[in-house]
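Each protein sequence line maps, in turn, to chains A and B. In this text, residue positions in the first sequence follow our numbering: the first is 28, and each later residue adds one. In this text, residue positions in the second sequence follow our numbering: the first is 327, and each later residue adds one. The beta carbon of each residue, even a glycine, is placed where N, CA and C say it ideally should be.
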Amino acid sequence: MEVEGKVWCYGDNIDTDVIIPARYLNSFDPQELASHCMVDIDETFAQTVQAGDIMVGGKNFGCGSSREHAPIAIKASGVPVIIAANFARIFYRNGINIGLPLLEIGDAVAKIKAGDKLRVNIATGTIENLSTGDVFHSQPLPGFIQDIAKAGGLINYIKEKK
Amino acid sequence: MGMNMTEKILAKHAGLDSVMPGQLINCKLDMVLANDITAPPSIKEFEKIGKPVFDNTKIALVPDHFTPNKDIKTADLAKAVRTFAKQHKIVNYFEVGRMGIEHVILPEKGLVAPGMLTIGADSHTCTYGALGGFSTGVGTTDLGVALATGEAWFKVPETIQVNLTGTRPDGINGKDVILTLIGKIGVDGARYQALEFTGEGLSSLSMADRFTIANMAIEAGGKNGIFPVDEKTREYIKDRVTKPYEIVVSDADAKYVRTVEINLSELKPVVAFPHLPGNTKRVEDIGEIKIDQVVIGSCTNGRLEDLKNAANILKGHQVHKDVRCIVIPGSQQVYLDAMKLGYVEIFINAGAVVSTPTCGPCMGGHMGILAAGERCVSTTNRNFRGRMGHVDSEVYLAGPHVAAASAILGRIATPEEVQ
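Right, here's the structure in full:
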């Protein structure tokens with residue numbers, strides 16, 4: 028699967044409280060969560076994000092609370108993939124489980140800037156920065172986690188296994 | 327090759343003789359937990375699978391985040407949990423008035439024990455490592471699947487050994503230990519890894535200290551934090567845990583990815599500055615920082631000993647005129663014990679408010695939300711931007727000693743500064 032989109036760039040240690048503040052956790056409706064996504068650090072995101080746009084973060088992206096509302100809010104904003112130096116553990120797991128691909132590329136993430144256009148092959152983990160010509164490769168997902176991703180998330184995977 | 331505690335518990339629950347860091351395994355679960363924010367979406371995922379719950383005695387549902395319900399939407403969330411608990415005859419459902427903050431009440435009721443494997447749809451589920459079990463936080467899809475299957479997949483983590491030497495001085499508590507550690511290794515210093523606490527210093531740490539320390543393993547990015555079982559653990563679980571359990575001990579040749587040393591004797595009261603739990607500074611070094619609010623409570627520091635530490639400092643003093651001090655016992659039992667022991671009277675005489683158990687202000691839910699520009703010293707676990715209210719408010723994390731002293735002096739202070 029290949030996607031192309033414009034980059035929204037955030038820094039290190041982006042926590043799930045800023046991805047979706049707890050005051051909005053009185054709902055778990057994906058569209059409602061998306062309407063408040065990133066609001067505490069970037070009011071423009073929820074208002075102007077386009078389907079297909081790609082989120083890029085630094086180290087430890089998604090740290091903090093286990094709220095799955097956070098990757099759900101990003102996915103429901105139309106973001107097809109998140110690229111970061113690396114991800115916090117629970118967020119990474121949640122991304123896999125809801126079928127939102129997460130690619131880790133380490134320090135190379137510094138070469139991607141807000142507004143750049145990326146082409147991402149999610150299956151191979153190849154990321155082309157169409158604005159700069161840079162090409163990055165993320166580590167492929169391990170075996171059965173790829174199966175979860177292919178099934179579109181953990182629930183489908185469990186149902187298929189049944 | 328030897329295994330450490332985390333590896334042994336994971337291997338046993340996967341039905342394997344041994345495991346290695348990095349290995350992907352499927353484990354049987356002893357306890358599965360969710361709260362009023364995470365249970366409703368978990369239930370939605372659970373229902374897609376179309377199976378009954380795996381075991382109605384191994385599920386705990388604790389409406390604690392937005393309870394007593396703060397508005398109509400959160401009342402609907404709590405109702406969804408209550409309805410599910412009734413429908414599936416969930417034994418360990420804790421209603422308002424008979425509840426506590428999840429990570430206070432599960433140990434208190436003996437639902438978690440040494441050697442057990444627990445997952446919870448709450449990142450602070452790592453608290454139960456204090457009792458020598460493996461426990462970790464997950465999201466709502468994992469939890470929904472666990473409700474149906476009683477199983478979850480894990481990647482066996484590498485383990486960092488945190489070797490504690492010396493003796494914890496009076497006036498220092500578990501919060502000073504864990505904030506010092508996170509300050510040292512960073513908020514991603516244990517990312518994807520286990521933290522195993524070892525060493526001669528352990529014997530000077532109370533169970534409350536250990537719960538606080540294990541609770542914040544996640545703030546260093548840790549998958550779990552785990553303590554060996556000793557006399558203090560046995561004393562704590564003696565009249566609480568009724569089911570059989572297994573005490574797990576790390577092998578002498580167990581492997582650790584690295585060792586971090588902390589000398590407890592050298593610890594000073596610390597505070598984590600906004601907006602990361604790793605921005606740790608010694609209180610004696612920070613100069614004058616005026617505050618508007620103090621919160622004493624939470625899954626991190628809402629236990630009886632925490633309230634005792636705060637009460638001992640507040641006794642005979644008044645909360646500063648410019649400060650609101652909010653005390654939140656971690657469970658109904660803690661509340662009751664704090665009343666019997668006179669702590670509640672001390673708090674109220676000092677001009678503090680004492681609330682029903684709730685997560686409340688910790689994640690900006692209710693019961694003490696901050697306005698723009700306000701500063702709070704809090705015994706909670708996170709000081710992320712906007713965590714306790716307005717995006718331009720500030721949270722300083724500290725233990726109950728520093729929180730109580732700060733409430734009296736109206737600025738961040740050490741207990742020694744209170745006459």
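Rounded to the nearest angstrom, how far is the Cβ of residue i from that of residue j, given a contact under 8 Å?
{"i": "Leu-403/B", "j": "Ile-363/B", "result": "7 Å"}
{"i": "Ser-92/A", "j": "Asp-44/A", "result": "6 Å"}
{"i": "His-692/B", "j": "Gly-686/B", "result": "6 Å"}
{"i": "Ala-111/A", "j": "Gly-142/A", "result": "Contact doesn't hold; Cβ gap of about 18 Å is too wide."}
{"i": "Phe-537/B", "j": "Thr-453/B", "result": "6 Å"}
{"i": "Val-488/B", "j": "Glu-522/B", "result": "7 Å"}
{"i": "Leu-432/B", "j": "Ala-386/B", "result": "6 Å"}
{"i": "Leu-129/A", "j": "Ile-154/A", "result": "That pair is no contact at about 12 Å."}
Once you ignore the five residues that flank residue i on each side, which residues in its own chain have a CB closer than 6 Å to its CB?
{"i": "Asn-121/A", "result": "Glu-95, Pro-98"}
{"i": "Ala-520/B", "result": "Thr-332, Pro-483, Thr-485, Lys-549, Asn-550"}
{"i": "Pro-107/A", "result": "Val-30"}
{"i": "Gly-512/B", "result": "Gly-604"}
{"i": "Pro-389/B", "result": "Asp-362, Ala-404, Val-407"}
{"i": "Gly-126/A", "result": "Gly-179, Gly-180"}
{"i": "Tyr-37/A", "result": "Gly-84"}
{"i": "Val-555/B", "result": "Pro-440, Gly-458, Ile-573"}
Does DSSP classify residue i as helix, strand or coil?
{"i": "Cys-64/A", "result": "coil"}
{"i": "Asp-42/A", "result": "strand"}
{"i": "Lys-594/B", "result": "coil"}
{"i": "Ser-576/B", "result": "coil"}
{"i": "Phe-171/A", "result": "helix"}
{"i": "Asn-87/A", "result": "coil"}
{"i": "Ala-103/A", "result": "helix"}
{"i": "His-429/B", "result": "helix"}
{"i": "Arg-51/A", "result": "One point to set straight first is that residue 51/A is Tyr, not Arg, in the sequence displayed. Tyr-51/A: helix per DSSP, three-state reduction."}
{"i": "Gly-761/B", "result": "With chain B covering 327 to 745 only, the question about residue 761/B has no answer from this structure."}
{"i": "Glu-561/B", "result": "helix"}
{"i": "Arg-94/A", "result": "coil"}
{"i": "Asn-330/B", "result": "coil"}
{"i": "Gly-686/B", "result": "helix"}
{"i": "Ala-78/A", "result": "coil"}
{"i": "Ser-158/A", "result": "coil"}
{"i": "Tyr-454/B", "result": "helix"}
{"i": "Gln-413/B", "result": "helix"}
{"i": "Ile-139/A", "result": "coil"}
{"i": "Arg-517/B", "result": "coil"}
{"i": "Ile-508/B", "result": "helix"}
Chain B beta carbons: is any one of them nearer than 8 Å to that of residue i?
{"i": "Asp-67/A", "result": "yes"}
{"i": "Ala-49/A", "result": "yes"}
{"i": "Ile-109/A", "result": "no"}
{"i": "Leu-181/A", "result": "yes"}
{"i": "Ser-93/A", "result": "yes"}
{"i": "Ile-101/A", "result": "no"}
{"i": "Leu-52/A", "result": "yes"}
{"i": "Ala-137/A", "result": "no"}
{"i": "Arg-146/A", "result": "no"}
{"i": "Lys-186/A", "result": "yes"}
{"i": "Phe-171/A", "result": "yes"}
In its own chain, which residues sit with a C-beta less than 7 Å from the C-beta of residue i, not counting the 5 before and 5 after it?
{"i": "Ser-591/B", "result": "Gly-492, Thr-493, Pro-495"}
{"i": "His-601/B", "result": "Asn-709, Phe-710, Arg-711"}
Looking at chain A, is there any beta carbon in it that lies within less than 8 Å of the beta carbon of residue i?
{"i": "Glu-371/B", "result": "yes"}
{"i": "Arg-408/B", "result": "no"}
{"i": "Val-430/B", "result": "no"}
{"i": "Leu-602/B", "result": "yes"}
{"i": "Ile-552/B", "result": "no"}
{"i": "Val-471/B", "result": "yes"}
{"i": "Leu-403/B", "result": "yes"}
{"i": "Asp-390/B", "result": "no"}
{"i": "Asp-611/B", "result": "no"}
Starting from the C-beta of residue i, find all residues in its chain whose C-beta is less than 8 Å away, skip the five residues before and the five after it, and write them out in chain order.
{"i": "Gln-173/A", "result": "Pro-167"}
{"i": "Ile-508/B", "result": "Gly-515, Met-542, Glu-545, Ala-546, Ala-598, Pro-603, Gly-604, Thr-606"}
{"i": "Pro-378/B", "result": "His-414, Ala-474"}
{"i": "Val-609/B", "result": "Lys-594, Pro-595, Val-596, Val-597, Ala-724, Val-728, Ile-738, Ala-739, Thr-740"}
{"i": "Ile-674/B", "result": "Val-680"}
{"i": "Pro-48/A", "result": "His-63, Val-66, Asp-67"}
State yes or no: is the beta carbon of residue i nearer than 8 Å to at least one beta carbon in chain D?
{"i": "Lys-177/A", "result": "The question asks about chain D, but that chain is absent: this structure's protein chains are A and B."}
Of the residues that make up the segment 340-362 of chain B, which ones have a beta carbon closer than 7 Å to any beta carbon in chain A? Leu-350
If the cut-off is 9 Å on Cβ atoms, which residues from the segment 656-671 of chain B count as contacting chain A, listed in chain order? none
Members of the segment 496-521 of chain B near chain A, C-beta cut-off 8 Å: Val-513, Asp-514, Arg-517, Tyr-518
Near-chain A residues of the segment 442-469 of chain B - C-beta to any C-beta below 7 Å: Ala-447, Asp-448, Ser-449, Gly-463, Val-464, Gly-465, Thr-466, Thr-467, Asp-468
Using Cβ-Cβ distances below 7 Å, what residues of the segment 34-49 of chain A are close to chain B? Asn-40, Asp-42, Asp-44, Val-45, Pro-48, Ala-49
Where the segment 697-717 of chain B meets chain A: residues whose CB sits under 8 Å from a CB there: Arg-708, Phe-710, Arg-711, Gly-712, Arg-713, Val-717
What residues in the segment 59-87 of chain A have a beta carbon less than 9 Å from any beta carbon of chain B? Val-66, Asp-67, Ile-68, Lys-86, Asn-87
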